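Here the structure is laid out as structure tokens; the discussion comes afterwards.
Residue numbers (this note's numbering): 2 to 154.
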């Protein structure tokens, strides 16, 4: 008979650990350029719209996270994802339904920076040169974020 002692961590402990696993901005920039690169066989895409709302909570993302195994730009809120998996462990990406094991999760430094710069904007548009701009809801007249192109440094 073999007995195995298992320690279960709550979502806050897992989040604190995850905050140390930050994916470099260069990775997201390369992903943007790859998605917007022009292949001869495909129709050229000139920009991509990316939501700053979590697909799980429909609220603004606070801690942008994405599995390293996923190829999409869309992030989700790490805290919400971990809390949901604490209640019922499915570990499935809420964007693409792929596997999203805890060990594959990483905080996205680029989207963390974008979220800090555009507090009132819920959607951005990214361009092949790495620049981005906030998309302003037509109902809103002003935001705290200028709608000019912002280069990705």
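For glycine and all other residues, C-beta sits at the position ideal for the given N, C-alpha and C.
In this text, all values refer to a predicted model and were calculated from it rather than measured experimentally.
- Closest in alpha carbon position to residue 37, among 137, 67 and 126, is 126.
- For residue 46, the CB contacts under 6 Å within the same chain, skipping 5 residues up- and downstream, are 37 in chain order.
- If you keep only unbroken beta strand (DSSP E) runs of at least 3 residues inside the region 38-97, you get 49-52 and 65-68.
- Between the C-alpha atoms of residue 86 and residue 61 there is a straight-line separation of about 19 Å.
- Within 10 angstroms of the beta-carbon of residue 108 lie 16 or more other beta-carbons, which makes it buried.
- It is roughly 10 Å from the alpha-carbon of residue 88 to the alpha-carbon of residue 82.
- Taking a cut-off of 8 Å on C-beta distances, the region 13-27 touches the region 69-81, as three or more cross pairs fall below it.
- Note on geometry: alpha-carbon atoms of residue 69 and residue 59 lie some 22 Å from one another.
- Relative to the Cα of residue 136, the nearest Cα in the group 114, 122 and 104 belongs to 122.
- Judged by their CB atoms, residue 116 and residue 65 are nearer to each other than the 8 Å cut-off.
- Put simply, of 105, 54 and 26 the residue whose alpha carbon is nearest the alpha carbon of residue 119 is 54.
- Look at residue 120 here: in three-state DSSP terms it is coil, with no helix or strand label.
- Per DSSP, the beta-bridge partners of residue 135 are 125.
- The Cβ atoms of residue 75 and residue 52 sit closer than 8 Å to each other.
- Put simply, the backbone Cα of residue 133 is about 24 Å away from that of residue 95.
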